[in-house]
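Here the structure comes first, spelled out in structure tokens, and everything after it is commentary.
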Amino acid sequence: MPPPSRYRPIMQSMTEQLKPEAAYFGPSEGGRSCTFVFDMQDSSMLPTIAEPLFEGLGAKIEIQPVMNSEDLQKGLAALQD
Numbered sequence: 003m004p005p006p007s008r009y010r011p012i013m014q015s016m017t018e019q020l021k022p023e024a025a026y027f028g029p030s031e032g033g034r035s036c037t038f039v040f041d042m043q044d045s046s047m048l049p050t051i052a053e054p055l056f057e058g059l060g061a062k063i064e065i066q067p068v069m070n071s072e073d074l075q076k077g078l079a080a081l082q083d
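Under the working numbering, residues 3 to 83 are what the sequence shown spells out, in order.
Structure (structure tokens):
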């Protein structure tokens with residue numbers, strides 16, 4: 003596990019890059035965990051999000067797409083067309 007001194011600059015950079023609506027930090031499965039809620043405009047953003055975390059921290063990453071209620075309504079309306 004990388005030393006805590008390596009986390010600060012990487013987390014600061016990620017926060018500046020993603021401009022998350024929310025960011026949560028805590029323990030998970032015996033390690034460190036962070037959850038960012040942000041708007042990923044395109045899947046081509048994945049490498050710029052993941053690589054600094056893989057390379058700098060040896061991180062395990064999960065990306066979970068979600069919708070807000072407006073997006074859900076738009077998606078449901080498209081099903082009816």
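Beta carbons: idealized from backbone N, C-alpha and C, even for Gly.
None of these values were measured; they are calculated from a predicted model.
DSSP on PHE56, reduced to helix/strand/coil?
Looking up residue 56 in the sequence shown gives position 54. PHE56: helix per DSSP, three-state reduction.
Can you tell me the Cβ-Cβ gap for PRO4 and LEU55, rounded? I've got them flagged as a contact below 8 Å.
On the sequence shown, position 2 is the one that residue 4 refers to. On the sequence shown, position 53 is the one that residue 55 refers to. In fact, because the Cβ distance is near 11 Å, the residues do not count as touching under 8 Å.
For ALA24, name the three-state secondary structure that DSSP assigns.
Residue 24 sits at position 22 when you count from the first residue of the sequence shown. Reduced to three states, the DSSP call for ALA24 is strand.
Distance check for LEU20 and ASP41, CA to CA, integer angstroms please.
Taking the first residue of the sequence shown as position 1, residue 41 is located at position 39. Taking the first residue of the sequence shown as position 1, residue 20 is located at position 18. Computed Cα separation, rounded: 8 Å.
Enumerate in chain order the residues of its own chain whose CB-to-CB distance from ILE12 is below 8 Å, with the five nearest sequence positions on each side excluded.
Counted from its first residue, the sequence shown places residue 12 at position 10. Here the set comprises PRO54, LEU55, GLY58 and LEU59.
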